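Read in order, the letters of the sequence shown correspond to residues 226 to 1259 in this note's numbering.
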Amino acid sequence: MLSEQRNRVLSSLCRRFGCLLAFLVLVTACSEETTKTVEVEVEKARVAISGDYSVEVGKTITLTATTVAGTDASYTWTSNDTAIATVAEDGTVTGVAAGTAIITATGVDSGLSSDRGVVVTEEGSVIPPDPRVSIAGGYAVAVGNTSTLTASTTDGVDATYSWASSDDTIATVADGVVTGVKAGEVVITATGDDTGAVGEHPVVVVSEGGDPGEPVVVLDGDYVVQMGETTTLTAETVNGTDSGYDWVSSDENVATVAEGVVTAVAPGQAVITATGKDTGAEGKIGIVVVESVVEPVVTVEIEGEYLLKQGETSQLTATTFNGTDSGYIWSSSATDVASVENGLVHGDGIGEAVITAVGIDTGAVGKIGMVVIGSGPALPPQHEEWQGSAHADTTAEAFNNWNDDGAVPASCAKCHSEGGYLDYLGADGSPAGTVEAPAALGTTVTCLTCHNAKAVELSAVAFPSGVVVEDLGPDARCIACHQGRSSGPTVEKKIVDLALADDDVTNDTLTFQNIHYFAAAATKFGSTAKGGYEYAGQYYTPKFDHVPGMDTCINCHNQHTLEVRVGVCGDCHTGATSVAALDDLRMFGSTGDYDGDGNTTEGLRDEVAGLGATLLVAIQKYAKDKLGKEIAYSDSTHPYFFIDTNKNGTAETDEAVSANKYSPFSPRLLRATYNYQIWKKDPGAFAHNGKYIVQLLHDSIADLNSALTEPVAFAGERGDGGHFDGDSQPWRNWDSSGTVPANCSKCHTGAGFQDFVTYGVTTPHQPDHGLACTTCHTSMPGFELVKVDKVVYPSTVTITDPGNSSNICATCHSGREAKASIDTAISTNKLSFKNIHYLPAAATVQGADAHVGYEYDGKTYAGKTTHIGGAECMSCHSGIATNHSFSVFDNAAKCSTCHGTTDIKSYRMGSVLDYDGDKNTTEGLGDELSTLAELVYEQMQTVAAAAGKPILYNEASYPYFFADTNGNGVLDPDEAVSANSYKNWTPELLKASFNFQFYHKEPGAYAHNFKYMGQLLFDSYENLGGDIANLKRP
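Following this line, the structure appears as structure tokens:
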């Protein structure tokens, strides 16, 4: 519904102001992804038990049970240990002997159950629960900002609290208000002034400047303004500090702006720009001026029979709400299945179709799913396919587990019966999204289960984490049952609720958490759905986006046989001719040795299996060494983890029984076993989202090892490198804001790059997790490269070379500043450091043809480099030869043909002079440049010190150049901060700093264009007054 409303608004804007404006609103206000996620709290039916938690021996307490979001006429009560405590039919618990018993209440109607631990103590020794203080509020605060925490006391009363910080140099706290002082981590405590109970709350103080990262101005505020009205925009500088902003409008005939206040003048569109007064960084936001406010949302609903026999007709009716339509335009998504005219649907062929009615006057859209079945007793051809599938297996445990109970309980019915799934859909007239009653035995996943009007309409699914994923289409029918029944947040809540002293303390109520079976959607949607336990401080891959056309459940699986459509896999994956062959698949760019066995050519399935095997070893070692009780696993017997009574590492038949289940768990063990089970219960995990599974298993091993005196041997890699390193700063720098701004998205999101090469513009996008095949290739399986005919360098020089694939690389490896930027700063007397940006290899290759480096007046500079083996990017960084790592070191064998060695850094070829003056003419050209760069830096320090303004450099800390406040010549931690950036620039220092940074951010300069880079460094040193007597200019 939300997406339909959005489309109606955009259609209206298109009609009124043109589609370019609608596109502006779309890219400004909406996510570019087809699949959207929204976190919501889903109230699910459950049984809650209330009453005392302790009782003395010989005495009684009464527990009561209530079914939340459901109904039970009564409850069945049981005790797991009647030698400790017994329980009567009315919930009365009698203490028998000192100890702990688990009391369970099970609803007789819903089948849902809940446990409550009861402590039985000797007579006269019952102790009231200790008061506990809980702290609520944010976990992060920026330096100089504040965040307010609140404290509350459970099992006690505190009128006030005493607040304290573990380190006042990082953050202070007063009456719950935390003030960030400097970057770091602290623990804030609140002590109840009456009870003396203490609560703790971790807080991370983050620097306002990224490290590394460039200043970015982020604008916020309303983007649609009624003519004659005003709206106020706010600007914030990330990775820098601005004392104010200069505001301008791209079209003052549409909207004017002053100090962030926008005045709407006339209908149309304008771009508002705010430029930081200190950093010079820019932020932009599109403003749409409309004549009047947006009208209430108009909707169309369709009613009528959804099931139709082939050759017959069904009359549908449409009704408009919040508006009036004189009629409707009807259409069908599949006219070969069902055609429609004036709401009369004709069944033309067996299958499914979505019938749409569009209001003639309002443009509102209504939809209904139609299912057309055969006209006679003959079954459709898909029926035979279905009969051989697991969905039709009447003997399977999935459909027979509850035979002795007489019905499939409501908590299980959705995915283990036809009636339960129809109940979930609301096809039985009950509310959609929940299952209200147990389902009859004897059914499977039938044709009717998935082929009915409600199923056709289903497009959103709520995952166990509470995340709702929308716009799923037919996949929603699969995902509803293949998402698992638990999640990372579920596991975390179990741990947090117990408030244990540390991660290695066990608790009798902490038991194994099972994801459930074939939770493929939890794997595929990764961190989007948060199905796995994601460790704090780590990045996890979201939904795995396969290539277009092969990105859904039924793209890859036949929806009736459930088998993988292997026939189409081979189009892209060489050798994928059978299901077994899929195990050997490993995509280009997947270069990591994830399981640490030294084999980087094995299939991804084997990599994941190796990780899983290591994790089980770590689980067993941790249980033995840390918890003192050995553990074994059985993948076919619930609850899967058992006490290894004979200590042989295997769950034997007599060990794999419920009475011998492993207990108690510690938080650390619970997290690891949960992630292990995710892998075990999704046999296709390596294909559904291999990166996510690798990350979960890797981090589980690392977490267990952190607690072991003798860690399990493990040298696995967590991810990939370069373009596919989703954990690295080029992809993660914008996670906190959730948006990669337009001026960065071109090279830091795949979608942004596609926007640029397709439309010539850049737009904001959500943070990406590395590049994909579709970033640089326009078709699968042809793998044709995108066409980029020219590259505009930051010097404004345009180099046109149609058909040259190097243009793809150069689009993002050309830098973002140039000599022109420096000259402008000098001429306007606005001297501040200009960062060329990172890995500007194309600027080096082109040399003086692109004019990116600071080329001193009166000097000549080398143009585009020449190379016998080819001077284009792919000549040395071949995607095929390097397995898409694009590292020249993975293609060094080709280099050795001429150079005689694979040691690329040692190459000199015809460059025989001693350029750096160290009298070594055999060292590699990289060493020659390194010494020249050192000379430039030393001379910069000499010049700056002579002026009484000493300077320091750190290539890993933005903005790289800092003031040496204590004059010790060393960049101390408190000096390497944005607030201490070097500000005493002279024209000479500014020019040299640019070329010096150019060298440091271009590690392959010695090979890309040694002469050009050598000339820039030589001239920088000379211009600063350096002694060049022993140097040679390349």
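Where a beta carbon is used, it is the ideal one built from N, C-alpha and C, also for glycine. All values reported here derive from a predicted model rather than from experimental measurement.
About 5 Å separates the beta carbon of Tyr758 from that of Val716, a gap short enough to meet the 8 Å contact definition. When C-beta atoms of the stretch 688-707 are compared with those of the stretch 884-904, fewer than three pairs fall below 8 Å, so the two segments do not count as touching. With a contact defined as Cβ atoms closer than 8 Å, Gly963 and Gln991 qualify at about 7 Å. Counting the other CB atoms within 10 Å of its CB gives Asn1108 a total of 16 or more, which places it among the buried residues.
Per DSSP, reduced to three states, the secondary structure at Ile926 is helical.
Under the three-state reduction of DSSP, Asp822 is assigned to coil, being neither helix nor strand. In summary, Ile704 is buried, with 16 or more beta-carbon neighbours lying within 10 Å of its beta-carbon over all protein chains present.
The beta carbons of Ala843 and Ile926 sit closer together than 8 Å.
Judged by DSSP secondary structure, Phe1186 falls within the beta strand (DSSP E) whose first and last residues are Phe1186 to Ala1188.
At least 8 Å separates the beta-carbon of Asn1054 from that of Glu1042.
Residue environment: Ala747 is assigned as buried (16 or more neighbouring CB atoms within 10 Å of its CB, all protein chains considered). As a beta-bridge residue in DSSP terms, Pro427 pairs with Val412. For Ala662, the three-state secondary structure derived from DSSP is coil. A check of alpha carbon separations from Thr668 across Val1017, Tyr646 and Ala652 identifies Tyr646 as the nearest. Pairwise C-beta distances place the stretch 480-488 in contact with the stretch 498-517, as three or more of them are shorter than 8 Å.
Of the candidates Ala1068, Arg710 and Gly584, Arg710 places its Cα closest to the Cα of Lys906. Residues of the same chain with a CB within less than 7 Å of the CB of Phe1008, apart from the 5 flanking positions on each side, are His1002 in chain order. Measuring C-alpha to C-alpha distances from Ser475 to each of Ile512, Met452 and Gly1040 identifies Ile512 as the nearest. With a 10 Å radius around the Cβ and a threshold of 16 neighbouring Cβ atoms, Met1238 comes out buried. According to the DSSP assignment, Leu569 belongs to the beta strand (DSSP E) that extends over Leu569 to Gly572.
For Trp472, there is no enclosing alpha helix (DSSP H); the residue is found in the beta strand (DSSP E) stretching over Tyr470 to Ser474. At the C-beta level, Gly446 and Ala489 stay beyond 8 Å of one another.
In the DSSP annotation of this structure, the continuous segment of the beta strand (DSSP E) that includes Met595 starts and ends at Val590 to Ile598. Straight through space, the alpha carbons of Gly505 and Gly1192 are spaced by roughly 28 Å. Excluding residues up to 5 positions away in sequence, Ile1047, Lys1059 and Tyr1079 lie with their Cβ nearer than 6 Å to the Cβ of Phe1219 in the same chain. Gly631 counts as exposed, since fewer than 16 other C-beta atoms from the protein chains shown sit within 10 angstroms of its C-beta. Distance from the Cα of Val590 is smallest, within the candidate group Ala726, Ala932, His571 and Thr524, for Thr524. Taking the CA atoms as reference points, Val670 sits about 15 Å from Ala701. DSSP places Gly751 in the helix class (H, G or I) of the three-state scheme. Using a 10 angstroms sphere on the CB of Glu507, the tally of other CB atoms reaches 16 or more, which defines it as buried. In this chain, the alpha helix (DSSP H) harbouring Tyr1246 covers Ala1230 to Asn1248.
In the displayed model, His990 falls within a strand according to three-state DSSP. Using a Cβ distance threshold of 8 Å, Val1016 and Val982 do not count as a contacting pair. In this structure, Ile1024 places its C-beta atom within 8 Å of the C-beta atom of Gln1071.
Here DSSP, grouped into helix, strand and coil, assigns His1102 to coil.
DSSP, read as helix, strand or coil, puts Arg357 in strand.
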